[in-house]
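Here's the structure we're looking at; comments come further down.
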Amino acid sequence: MPYVTTNDGVALYYKSWGAGRPVILIHGWPLDADSWDAQAMALATAGFRAIAYDRRGFGRSDQPWDGYGYDSLADDLAAVMAHAGVESDITLVGFSMGGGEVARYMSRHQGRGVVKAALISSVVPYMLKTDDNPKGVPQENFDEIMKGVRSDRAHFFQQTFFPQFFGAGLISRPVSDELLAMCTGIALLAGLKPTLACAESFSQTDFRNDLNAFDVPTLIIHGTADKIVPIDAAGRAAANGITSSRLIEYDDEPHGLLATASNRLTKDLLAFLAT
């Protein structure tokens, strides 16, 4: 399996499918690169090179104690790009927490090599509700996530978090029980420290100052029924702050668009790449 070693000695797993213009897919919390498989296959089949990697602490990557702030995570993204040999004509696509790596790479690394970006159900620009961010998520919501992870994360992920992630309820069943179980299994591959540290990072990091670094065409896709990352706090706010952006709202869709709206998402990504 291909691995890249970061500047601080962390081994990150990545996979590269297909050949052509590179599209780097950055996964959400608490999943791994495999969550992008449907889109990666479609991209590779369409003539692109799809590159997806496991964030440090997750999946098949190392689980160091440190390095879960977005500056380090953006440097990890740069290391994957360098190891994969992609230097130009790059599209970055970040899902959920992964949108933060896109934003911080654009500012910290001056968007080197990037010609397009996409934010899918992304946490950008700022998740936390504050006096100057009134549409954000209250701190007590994040406290509940931390409590659930600390007390019994297997139960929390399978019975609480992922049903909300995919909009599953007593009546609405957009994904199977088996998929919920699979996602829980993937989440449990991550270490407890990185799981908690990354939750703190995506909930507390303010990317509003990073938005000006988006000087490339940017596609923003967000579900209007997203209960994990509300569209008003994220997708709509990002669209207002990124000059060269286009927002597509998926009516009544939850957070987990990679599964619940997989075909539509793939079609919209391919159309964006073709322009």
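Per this note's numbering, the sequence shown starts with residue 291, numbered consecutively.
We put the CB at the ideal spot given by N, CA and C, even for glycine.
Note that this is a predicted model, so its numbers are computed, not measured.
Are three or more beta carbon pairs between the stretch 500-510 and the stretch 404-417 nearer than 8 Å?
Taking one beta carbon from each stretch, the stretch 500-510 and the stretch 404-417 have 3 or more pairs nearer than 8 Å; the two touch.
Just how far apart, CA to CA, sit Asp541 and Glu430?
By 1-based counting over the sequence shown, the position of residue 541 is 251. By 1-based counting over the sequence shown, the position of residue 430 is 140. Taking the straight line joining both Cα atoms gives about 27 Å.
Run through the DSSP bridge pairs and tell me what Val405 is partnered with.
As a working mapping, residue 405 is identified with position 115 in the sequence shown. DSSP lists no bridge partner for Val405.
Residues near Trp307 by beta carbon distance below 6 Å, same chain, minus five either side:
Mapped onto the sequence shown, residue 307 falls at position 17. Closer than 6 Å at Cβ, skipping near neighbours: Ala330, Ala334, Ala340.
Spatial neighbours of Ser397 within its chain, please: CB distance less than 7 Å, with the 5 preceding and 5 following residues excluded, ordered by chain position.
Position 107 of the sequence shown, counted from the first residue, corresponds to residue 397. These residues qualify, in order along the chain: Asp500, Ala503.
Which residues share a DSSP beta bridge with Ala471?
Numbered from 1 along the sequence shown, position 181 holds the residue referred to as residue 471. According to DSSP, Ala471 bridges with nothing at all.
Answer yes or no: the CB of Cys473 versus the heavy atoms of the ligand MG, is any distance below 6 Å?
You won't find the ligand MG in this model; it holds no ligand whatsoever.
With contact counted as at least three CB pairs below 8 Å, one residue from each stretch, are the stretch 418-427 and the stretch 518-529 in contact?
The stretch 418-427 vs the stretch 518-529: in contact.
Within 10 angstroms of its Cβ, does Thr450 collect 16 or more other Cβ (buried), or is it exposed?
Your numbering for residue 450 matches position 160 in the sequence shown. Exposed.
Output needed for Asp352: all residues of its chain with C-beta closer than 7 Å, excluding positions within five of it in sequence on either side, in chain order.
Locating residue 352 in the sequence shown gives position 62, where the first residue counts as 1. Here the set comprises Val300, Ala301, Arg346.
By alpha-carbon positions, which one of Lys406, Ile314, Phe385, Tyr395 ends up nearest to Arg536?
Locating residue 536 in the sequence shown gives position 246, where the first residue counts as 1. The residue with the shortest Cα to Cα distance from Arg536 is Lys406.
Excluding sequence positions up to five away, which residues of its chain have a Cβ less than 6 Å from the Cβ of Arg350?
Position 60 of the sequence shown, counted from the start, is the residue given in the question as residue 350. Here Arg350 has Tyr303, Asp344 as same chain residues with Cβ atoms under 6 Å from its own Cβ, once five neighbours each way along the sequence are excluded.
If you reduce the DSSP assignment to three classes, tell me which class Asn530 lands in.
Numbered from its first residue, the sequence shown carries residue 530 at position 240. In the structure shown, Asn530 sits in a helix (DSSP, three-state: H, G or I).
Closest to Phe447 by C-alpha separation, out of Arg463, Thr485, Val414, would be which residue?
For the purposes of this step, residue 447 is identified with residue 157 of the sequence shown, where counting begins at 1. Ranked by Cα distance from Phe447, the options Arg463, Thr485, Val414 are led by Thr485.
So Lys305 and Ala323 are supposed to be a Cβ contact under 8 Å. How far apart are they, rounded?
Counting from one through the sequence shown, the residue named residue 305 turns up at place 15. Counting from one through the sequence shown, the residue named residue 323 turns up at place 33. Contact holds; Cβ gap of about 6 Å.
Between which two residues does the beta strand (DSSP E) holding Gln312 run?
Start at 1 with the first residue of the sequence shown, and residue 312 comes out as number 22. The sequence shown places Pro at residue 312, rather than the Gln named in the question. 311-316 is the span of the beta strand (DSSP E), which, as asked, contains Pro312.
With three or more C-beta pairs closer than 8 Å as the rule, is the stretch 521-532 touching the stretch 542-561?
The stretch 542-561 vs the stretch 521-532: no contact.
Scan the stretch 304-377 and note each continuous beta strand (DSSP E) run of 3 residues or more that stays entirely inside, going in chain order.
The DSSP assignment places complete beta strand (DSSP E) segments of no fewer than 3 residues inside the stretch 304-377 at 311-316, 338-343, in order along the chain.
When burial is assigned at 16 or more other CB atoms within 10 Å of the CB, is Leu563 buried or exposed?
Working through the sequence shown from its first residue, we reach residue 563 at position 273. Classification of Leu563: buried, given that the 10 Å Cβ count is 16 or more.
Would you grab the beta carbon distance between Phe456 and Thr550 for me? Rounded to a whole angstrom, and I think it's under 8 Å.
Residue mapping note: residue 456 aligns to position 166 of the sequence shown, counting from 1. Residue mapping note: residue 550 aligns to position 260 of the sequence shown, counting from 1. The beta carbons of Phe456 and Thr550 sit about 6 Å from each other, so the pair counts as a contact at 8 Å.
What residue range does the alpha helix (DSSP H) around Phe283 cover?
The first residue shown for the chain is 291 and the last is 565, placing residue 283 beyond what the model contains.
Would you mind giving the Cβ-Cβ distance between Phe338 and Gly375, rounded to the nearest angstrom? I have them listed as a contact below 8 Å.
Counting from one through the sequence shown, the residue named residue 338 turns up at place 48. Counting from one through the sequence shown, the residue named residue 375 turns up at place 85. Their Cβ separation, rounded to whole angstroms, is 15 Å, which puts Phe338 and Gly375 out of contact at 8 Å.
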